[in-house]
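Report on one structure; see the data block that follows.
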Amino acid sequence: MARIIGVANQKGGVGKTTTAINLAASFAVLEYRTLLVDADPQANSTTGVGFDLHNITQSLYDCMVNDTPAKDVVLKSDIPNLDVIPSHIDLVGAEIEMINYPNRELVLQNALEVIKDDYDFIVIDCSPSLGLITVNALTAADSVIVPVQCEFFALEGLGKLLNTIKIVQNRLNPELVIEGILMTMYDGRLRLCNQVVSEVRRHFEDMVFHTIVHRNTRLSEAPSFGKPVILYDAESKGSLNYLHLAKEILQKNNLTKINQEDRILTTEHDDDSE
Ligand code: ADP
Ligand code: MG
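And the structure:
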């Protein structure tokens with residue numbers, strides 16, 4: 156049965172989509188059956204793994220609003236082991252349309268329940284909001300990754316997000332855990348970045364992933380080619396960072412396949428080269 160991981164932060168531009176795409180692709184490359192669920196109406200995860208929005212006839216919107224079975228909406232990507240539930244701009248309206256649904260917070264959980272056995276990991280890319288769709292994602296999830304950009308206002312808004320997670324834990328999903336806080340867009344040349352990492356580590360201690368995602372232009376270029384970075388430039392720092400993150404999560408949850416043990420990295424990439 157899949158481990159469902161939400162990627163959430165109501166701040167935009169912190170690296171949610173980049174993390175969702177590249178973590179999902181890393182799991183897939185490590186031969187774990189993976190489903191990427193795009194729960195953001197902007198559909199950046201959908202296009203980032205190579206789908207043309209013009210060709211998408213059914214999306215997460217149909218699963219959530221029209222009761223379309225998830226199986227009918229799943230698309231196979233070009234990457235072995237990686238399937239996608241695409242998003243659509245229609246999803247913007249879903250929150251209003253679902254307002255009178257009974258158990259409206261459980262819609263995504265119920266939709267994914269039927270396909271959970273087909274995967275090892277389901278990664279959900281959330282929108283920059285704490286609205287109903289994100290609450291659905293947190294309710295469906297076993298764990299949540301919180302990307303935090305290495306910048307001055309890094310911790311701003313984090314309290315609100317953690318509070319929402321707490322509410323979901325109390326009322327909807329007591330099993331939900333924080334998989335980790337992920338520092339993104341790290342630039343070792345900047346003192347500020349190092350200060351932010353130290354501050355977040357001091358504050359959140361073990362909740363912060365060892366893996367730090369560096370600022371890397373390959374990560375920002377890859378989506379325009381419709382590819383996760385591991386297919387665009389496998390040797391790039393961004394690619395290695397996300398592979399490292401996947402392995403850290405596998406190790407943390409004791410999910411490592413025996414033959415991968417010796418390939419698990421323990422070092423952090425903290426030099427500055429791209
Ligand atoms: P979110 O989904 O939280 O809004 P994105 O993942 O879309 O954030 O990232 C915002 C922008 O920053 C995008 O243009 C993305 O390509 C870029 N970006 C994200 N992570 C990195 C990184 N580690 N290095 C360089 N650019 C990045
Ligand atoms: Mg996004």
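Numbering follows the numbering used here, in which position 56 of the sequence shown is assigned residue number 211; successive positions increment by one, without gaps.
Note that CB positions come from ideal geometry on N, CA and C, so glycine has one too.
Once DSSP output is grouped into helix, strand and coil, what is the label at residue 424?
Residue confidence is low: residue 424 scores 48 on pLDDT, short of 50, so the model does not pin down where it sits. No coordinate-derived value is stated.
Quick one: give me the first and last residue of the alpha helix (DSSP H) that residue 298 is part of.
First-last for residue 298: 298-304, but that is the beta strand (DSSP E), not the alpha helix (DSSP H).
Cα-Cα separation, residue 228 to residue 353:
43 Å
Comparing C-alpha positions only, which one of 358, 357, 390 and 195 sits nearest to residue 372?
390
From this set, 387, 363, 289 and 260, which residue's C-alpha is nearest residue 304's C-alpha?
363
Buried or exposed: residue 399, going by 16 or more other Cβ atoms within 10 Å of its Cβ?
Residue 399 is buried by the Cβ-count criterion.
In whole angstroms, what is the alpha-carbon distance linking residue 411 and residue 397?
One C-alpha to the other measures close to 16 Å.
Considering only C-alpha positions, which residue in the set 310, 344, 300 and 323 is nearest to residue 333?
300
Taking its Cβ as the centre, do 16 or more other Cβ atoms sit within 10 Å of residue 321, making it buried, or is it exposed?
exposed
Distance, Cα to Cα, residue 295 vs residue 270?
12 Å
Check for me: the beta strand (DSSP E) holding residue 399 runs from which residue to which?
Where residue 399 is concerned, there is no enclosing beta strand (DSSP E), although the alpha helix (DSSP H) around it starts and stops at 392-407.
With distance defined between alpha-carbon atoms, name the residue in 163, 393 and 197 nearest to residue 244.
197
Which class does residue 362 belong to by DSSP, given the choice of helix, strand or coil?
DSSP places residue 362 within a helical segment (H, G or I) once states are collapsed to three.
Helix, strand or coil, according to DSSP, for residue 205 in the structure here?
coil
Short of 8 Å in beta carbon distance, which residues of its chain neighbour residue 247, apart from the five on each side in sequence? Order them along the chain.
Same-chain partners within the cutoff: 196.
Considering only C-alpha positions, which residue in the set 325, 387, 288 and 306 is nearest to residue 264?
288
Check the C-beta distance from residue 162 over to residue 251 and give it rounded, since I have them as a contact under 8 Å.
Not confirmed; about 24 Å, so no contact.
Can you tell me whether residue 163 is helix, strand or coil according to DSSP?
Coil, per DSSP.
Burial state of residue 393, where buried means 16 or more other Cβ atoms lie within 10 Å:
buried
With distance defined between alpha-carbon atoms, name the residue in 249, 191 and 318 nearest to residue 175.
191
Since residue 159 and residue 297 are thought to touch, with beta carbons under 8 Å apart, how far apart are those beta carbons, to the nearest angstrom?
5 Å
The ligand ADP: which residues have Cβ under 5 Å from any of its heavy atoms, chain order?
167, 168, 169, 170, 171, 172, 173, 340, 368, 370, 371, 374 and 375
Excluding five sequence neighbours on each side, which residues of the same chain lie with their C-beta closer than 8 Å to the C-beta of residue 355?
303, 309, 310, 336, 338 and 363
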